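Novice: Quick one: the structure is below, and I'll ask about it shortly.
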Ligand SMILES: Cc1cc2nc3c(=O)[nH]c(=O)nc-3n(C[C@H](O)[C@H](O)[C@H](O)COP(=O)(O)OP(=O)(O)OC[C@H]3O[C@@H](n4cnc5c(N)ncnc54)[C@H](O)[C@@H]3O)c2cc1C
């Protein structure tokens, strides 16, 4: 014993009792029951509060996707680092981990995975049981006011100050505070680069357009892109009372999070309602319909599984009489219809809300973290997990998977370096 401290016992402080902080604590104890005393400090009244409301209260725990390369492409920020991190812990491991604790997950048609109970409390109870069982200290409503790093301090290198006078020393510190400006400022002061945070995963509000009268309709495979920039995002697109939602719009909000922020969410978007079909392909398909379905009304014979009311809207926008037969469609009308189908333009005017899930793009620069250990490259024994890092995924359970993966890597490293 020195200074009242058992030399072989390491003290770890975890800031944040969210998904990644709790999971990291539990996993450390799984790898090493002894030689470590873990305290989780949570500033709010409740642990795992975001997890509780996640996925509309059902918690979309992970995604039914097991190819690490394809999986990593679901992260607009963090793809390269997670490609290898998933070799350590990926959705299969998540499913197995919960199964071992009698929490079974089910897969929905779009690949999202939820507890079979459809209730996030199942996940919370599992974590809180493990925390209790492993004697991990969970301190709620505890605000750290400052963090000092004192190399060589025999009481512990990390000095956490609570309020104005109380301090506690720790040998190891894991930051799992999600998106929190104050913590980023502290980490910046300790030499880390902070990538400026911007919102991700939101719907697109568009300028007044009569398309919103079709709110509730969706196409299964549309492509949407920023007109002035880029890469189209492909998938189901939902028309809402304000504009667009659904996987394709949410993907666009994630992959273009920073460009959209810089544009003040005011920009033109272009929709190809037939996904990856080019204008040339669509035009020749429509010309073929003219000869194949001569006697059918255009309004009744659609070239894809677009909802009928939307198809009629396209015809009206193209100046085509709804009573017209395919035989009577003119070349100009085919051109107009092709244009509407493949290059519909809308003025985005604001960022909309997506209540099921939202995340922050930005945070601790990935360049300042060693992803083999989740340890800071600037300060030894300082770890980062989850959304505090500049990593975020598209909607579908990928953000929690990032929390599980980064927490597992940190836990393994901490546990294997305890002597
Ligand atoms: C409404 C909503 C729904 C979501 N649904 C899903 C979903 O279904 N699937 C999915 O994959 N992702 C979902 N997400 C995203 C997901 O919740 C996050 O990516 C994930 O929670 C990140 O985990 P984390 O541990 O990094 O941070 P968090 O879960 O945010 O936890 C951080 C914790 O740190 C605490 N904290 C902050 N600062 C301090 C401090 N100074 N001292 C002590 N404690 C502090 C916070 O109070 C919080 O409890 C959703 C997000 C939202 C907002």
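In my numbering, the protein residues as written are 371 to 789.
Backbone N, C-alpha and C define an ideal beta-carbon position, used for all residues, glycine too.
These numbers were taken from a predicted model, which means no experiment stands behind them.
Tell me which residues share the same chain as residue 612 and place their Cβ nearer than 6 angstroms to its Cβ, disregarding the 5 neighbours each side in the sequence.
Specialist: 575 and 722, listed in sequence order.
Novice: List the endpoints of the continuous alpha helix (DSSP H) containing residue 758.
Specialist: Premise fails: residue 758 is in no alpha helix (DSSP H) and is neither H nor E.
Novice: Identify, in the order they occur along the chain, each residue of the same chain with its Cβ nearer than 6 angstroms to the Cβ of residue 564, setting aside the five sequence neighbours on each side.
Specialist: Cβ neighbours of residue 564 beyond the five flanking positions: 554 and 558.
Novice: Return the residue from the list 616, 460, 571 and 577 that minimises the CA-CA distance to residue 588.
Specialist: Residue 616 is the option with its Cα nearest to residue 588.
Novice: When burial is assigned at 16 or more other CB atoms within 10 Å of the CB, is residue 524 buried or exposed?
Specialist: Classification for residue 524: exposed.
Novice: Counting along the chain, where does the alpha helix (DSSP H) carrying residue 400 start and finish?
Specialist: First-last of the alpha helix (DSSP H) with residue 400: 389-401.
Novice: So which of 418, 484 and 478 has the shortest CA-CA distance to residue 469?
Specialist: Comparing Cα positions, the closest option is 484.
Novice: To the nearest angstrom, report how far apart residue 441 and residue 759 are at their CA atoms.
Specialist: Going by the C-alpha atoms only, they are around 18 angstroms apart.
Novice: Any idea what DSSP makes of residue 487, helix, strand or coil?
Specialist: Coil at residue 487, not helix or strand.
Novice: Let me know the secondary structure DSSP gives residue 779 once reduced to three states.
Specialist: Helix.
Novice: In chain order, which beta strand (DSSP E) runs of at least 3 residues are fully inside the stretch 611-650?
Specialist: Runs of the beta strand (DSSP E) inside the stretch 611-650: 613-615 and 637-642.
Novice: Could you pull out every residue in the same chain whose Cβ sits closer than 6 angstroms to the Cβ of residue 752, ignoring the five residues on either side in sequence?
Specialist: Excluding sequence neighbours, residue 752 sits near 543 and 746.
Novice: CB-CB under 8 angstroms to residue 769, same chain, minus the five flanking residues each way: which ones, in chain order?
Specialist: The answer, listed in chain order, is 727, 729, 757, 762 and 763.
Novice: May I ask you to report which of helix, strand or coil DSSP gives residue 499?
Specialist: It is helical.
Novice: Would you identify the three-state DSSP class for residue 770, choosing helix, strand or coil?
Specialist: Residue 770: helix per DSSP, three-state reduction.
Novice: Distance check for residue 767 and residue 556, CA to CA, integer angstroms please.
Specialist: The straight-line gap from Cα to Cα measures roughly 29 angstroms.
Novice: Would the stretch 524-543 count as touching the stretch 392-399 if we require 3 or more Cβ pairs under 8 angstroms?
Specialist: As far as the Cβ criterion goes, the stretch 524-543 does not touch the stretch 392-399, which means the pair count is below three.
Novice: Three-state secondary structure (DSSP) at residue 605?
Specialist: In this structure, residue 605 counts as strand in the three-state DSSP scheme.
Novice: Go ahead and label residue 773 buried or exposed: buried means 16 or more other beta carbons lie within 10 angstroms of its beta carbon, across all protein chains shown.
Specialist: Under this definition residue 773 is a buried residue.
Novice: Give me, in chain order, the residues of the same chain whose beta-carbon lies closer than 8 angstroms to that of residue 566; leave out the 5 immediate sequence neighbours on both sides.
Specialist: Cβ within range, chain order: 732.
Novice: Evaluate contact between the stretch 465-482 and the stretch 402-422, counting only Cβ atoms and requiring at least three cross-stretch pairs below 8 angstroms.
Specialist: No: fewer than three Cβ pairs fall under 8 angstroms.
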